[in-house]
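For the numbering used here, count along the sequence shown from 1 and bump the result up by 101.
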Amino acid sequence: MRSPEPGQRKRRRSSWNQLEISKRWTRNSGVKRILLDTNAYAAFKTGDQDAVEIIRGVETVGISTIVLGELLGGFSAGQREAENRRQLTIFFESPRVSVFAVDETTAEFYAHAYISLRRKGKPIPTNDLWVAATALQHGLAIFSYDKHFLEVEGVIVGRRPEDFLP
């Protein structure tokens, strides 16, 4: 691994838990607007204390239509579809929650991130690339437990309260 530039920290790639702070990491920066990944919503709904603290502590909670599709697909495949849909409807009733749709501008962000990742040889799952493009378009930090979001240039990502909350 190369030595970091002066003033930058080295980022270990062996595991998510060992990742050090990077320029895109949000630790203690007081992020006010987040975009949930599917796994972050699932953690919130199962009562994960960190997820609950993050979602309660920010001003805006966004969900992309891509994540919405993943959630609805998961609900349809499960045993509690009606209950899960009811809980999601209640979640959306909060004035702090917004759904962000994919549009032509999102597609431009997607294309830029896609080619950048392809050149680096670091592809990420297609749906997550759409989530990243949505976050970039709207200036949102991503709340996710997936470390591959760190590969997307310009994306701010976190997974713990201290990554988002002051």
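For each residue, glycine too, the CB sits at the ideal point set by N, CA and C.
If we count the other Cβ atoms within 10 Å of its Cβ and call it buried at 16 or more, is residue i buried or exposed?
i: residue 165; result: buried
i: residue 182; result: exposed
i: residue 212; result: exposed
i: residue 235; result: buried
i: residue 167; result: buried
i: residue 178; result: exposed
Put residue i into one of helix, strand or coil per three-state DSSP.
i: residue 200; result: strand
i: residue 227; result: helix
i: residue 135; result: strand
i: residue 162; result: strand
i: residue 253; result: coil
i: residue 174; result: helix
i: residue 248; result: helix
Taking the CB atoms as reference points, tell me whether residue i and residue j lie closer together than 8 Å.
i: residue 227; j: residue 199; result: no
i: residue 163; j: residue 201; result: yes
i: residue 244; j: residue 233; result: no
i: residue 154; j: residue 224; result: no
i: residue 188; j: residue 146; result: yes
i: residue 229; j: residue 140; result: no
Please look up how many angstroms separate the CB atoms of residue i and residue j, rounded, as I've assumed it's under 8 Å.
i: residue 237; j: residue 265; result: That pair is no contact at about 17 Å.
i: residue 242; j: residue 132; result: 5 Å
Just the C-alpha distance for residue i and residue j, rounded to the nearest angstrom, thanks.
i: residue 142; j: residue 152; result: 8 Å
i: residue 260; j: residue 148; result: 15 Å
i: residue 220; j: residue 252; result: 12 Å
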